[in-house]
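Structure, as C-alpha cells:
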Amino acid sequence: MDPDLVAVLRCPVCAEPLALTGRTARCAQAHAYDLAKQGYLNLLPSASKGIEGDTAAQIGARTVFLGGGHYAPIRDALILQSASSLRPDGDKLVVEVGAGTGYYLAGVVGPGSSRRGLALDVSRYAARRAAKVNSRIGSVVCDAWQQLPVLDGAAGLVLNVFAPRNAAEMARILSPDGVLLVVTPNQAHLAELVGVLGMVSVDEEKERRLQEALAGTFTETGRTVIEEPMRLDHTAVEQLVLMTPSARHIAPGELANRIAVLPDPMLATLSVTLTTWRRNAG
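In UniProt numbering, the protein residues as written are 1 to 282.
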C-alpha cells in the first residue's frame, strides 16, 4: 500500500495517525499493524473481532457478475457525479465505505488521474480483491458501524453503494466542502427475480430510513434514478444471487431448480437511486 494512503489512516485503538515503515503501519503510541501479504491493512477494532462480512464465495460471485458489466450504469453515474463533486483544486481522496471488490471506487478514481482511493470493508476477502484493483487505491479491513480508521476531514468524496451508513463517521472523515454519494435500490430493482428465486426484497421503508439516517448530519442536494433492463443468462443470475445476502437463505440445489424455470437469457430491471449529500456545518 502506498505510504501516502497509510498517512491518511488513523489507529483504531488511539486514533493517532499511522505511518508506514517497511510493511508495518505504526502510530505514535507504538500500536502496529502489518500489511497482509495480499496488500491490505487490517484495522478492525477489537470490538468487531469475529465479524466476517462477505464470504470468499460471495466476493468471487460479485467479481464475476460485476465483470460482466451488468451494473456499469451505476458506476458510470458515480463517475459522472464525482466529476462535478470534486473541486479541481480540492482534496482528491475518495473513500468508499463498504467497498467490496472496489469496482465502483476504481471507476471513480479512474486511470491517469491524480485521485487516490481508500476501500473500506469488513470482509478480508473483499479487501484482498480491492487491494489489487488499482495501485492508487489502498484496501483496509474495518467495521462501518464503528469509528472509521480515517483522519478527520481527509476525504473530498465518500461513496456508499448498497452499504451500511454510519452518518456521523462519514461526516467526520469528509472535508468541510466534501460530498457523499449514496446508491440505494428501488422497489423495481430485480423485481423479476425476487419472487421466483426467493431473494431478499427491497424494504418499502428504505427511502424513509435513508432520510432518517442522514438527516441532521447531511443535506440532500440532488438525486438521479438509474433504471434500465439487464440481459442476464442463467449463469449471471446465479452469480447475482450468490453475491448477495440472499445466498444464505437458498440451498444451492434449490437455487438451481428455481433458476431453471426462468428464460435464458432473461430481462431483469436495474433500478437504483443515486443521491448527493453535503455535510451540514457545525
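Beta carbons are placed, not taken as given, at the ideal position from N, Cα and C, and that holds for glycine. All values derive from a computational prediction rather than experimental measurement.
Task: Same chain only: Cβ atoms within 8 Å of A186, ignoring 5 sequence neighbours per side - done: Note on residue identity: the sequence assigns Asn, not Ala, to residue 186. Once the five neighbours on either side are set aside, the close Cβ partners of N186 are V202, V225, E227, S271, V272 and T273.
Task: Check: L9 C-beta below 7 Å from any heavy atom of the ligand GTP - done: As presented, the structure is devoid of all ligands, the ligand GTP included, so that no description of it is given.
Open item on the list: For A7, report the span of its alpha helix (DSSP H) as first-last.
Closed with: For A7, there is no enclosing alpha helix (DSSP H), as DSSP gives it neither H nor E.
Open item on the list: Do G60 and V122 have their beta-carbon atoms positioned less than 8 Å apart in this structure?
Closed with: no
Open item on the list: Let me check one thing: in DSSP terms, what residues is F218 bridge-paired to?
Closed with: A215 and R279
Task: Of the residues A36, A32 and N257, the one placed nearest L124, counting alpha carbons only - done: For the sequence presented, residue 124 should be read as Arg rather than Leu. Answer by Cα proximity: A36.
Task: Residues bridged to V94 [DSSP beta-bridge criterion] - done: G117 and L157
- [ ] Indicate whether the contact test is met: 3 or more Cβ pairs, each with one atom in the segment 153 to 168 and one in the segment 98 to 109, closer than 8 Å.
- [x] Counting Cβ pairs under 8 Å, three or more are found: they touch.
Task: Given A77 as reference, the closest of T184, K92 and G253 once Cα atoms are compared - done: T184
TODO: Would you kindly report the start and end of the unbroken alpha helix (DSSP H) that includes G67?
DONE: A56 to G67
Task: Check whether V158 and I173 have beta carbons under 8 Å apart - done: yes
Task: Coarse secondary structure for G107, derived from DSSP in three states - done: Looking at G107 - three-state DSSP - the assignment turns out to be helix.
TODO: Indicate whether A268 and M230 have their beta-carbon atoms separated by less than 8 Å.
DONE: yes
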